[in-house]
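Following: one structure in structure tokens, then a few remarks.
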Amino acid sequence: MKLLVKTLSTLALVLAIGGSALAQEYVKGEVIKVDAKQKKLTIKHEPLTNLDMPAMTMVFVVAEQGMLNKVKTGQAIEFTADRVNGRITVTGIK
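Residue 22 is where the sequence shown starts when you use the working numbering, and the numbers rise one by one after that.
Rendered as structure tokens:
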């Protein structure tokens with residue numbers, strides 16, 4: 022019985038963590054500037070509801086250097102962003 026309770030508790034935790042990551046929606050934006058040296062993108066974007074942020078143009082750091090190879094200035098993108106170590110960071114691009 023203890024094993025079952027522990028297993029169910031672990032499963033609930035995994036679903037809660039995974040569910041919040043999956044709930045993050047991609048937002049449309051346009052790449053205004055790529056700064057590979059600083060690992061930053063300037064993006065004109067729609068509202069970021071998960072960050073309670075209105076539509077605007079702003080500079081983001083990227084979670085991974087390889088993301089910069091996926092984009093170029095003027096390109097329309099869909100991306101996710103979140104706070105990582107206190108910085109608003111692009112966490113995904115498609």
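All residues carry an ideal CB built from backbone N, CA and C; glycine is no exception.
Bear in mind that the values here come from a model prediction, so they are computed numbers and not experimental data.
{"query": "At the level of alpha carbons, what is the spacing between A102 and M79?", "result": "12 Å"}
{"query": "With a threshold of 6 Å on Cβ separation, who are the neighbours of A57 within its own chain once the five nearest residues in sequence on each side are excluded?", "result": "L89"}
{"query": "What does the alpha-carbon distance come out to for the pair E67 and G50?", "result": "6 Å"}
{"query": "Can you give the Cα-Cα distance for R104 and G95, rounded to whole angstroms?", "result": "25 Å"}
{"query": "Quick check for students: name the residue ranges of the beta strand (DSSP E) that lie wholly in the region 49-90, counting only runs of 3 or more.", "result": "61-66, 77-83"}
{"query": "Among Q59, E99, I98, which has the Cα closest to the Cα of Q86?", "result": "Q59"}
{"query": "What residue range is occupied by the uninterrupted beta strand (DSSP E) comprising V105?", "result": "97-105"}
{"query": "Between which residues of its own chain and T110 is the CB-CB distance below 8 Å, once the five residues before and five after are set aside?", "result": "F81, V82, V83, A84, A102, D103, R104"}
{"query": "Keeping to the same chain, check which residues put their C-beta closer than 6 Å to that of K115; ignore five residues upstream and five downstream.", "result": "E99"}
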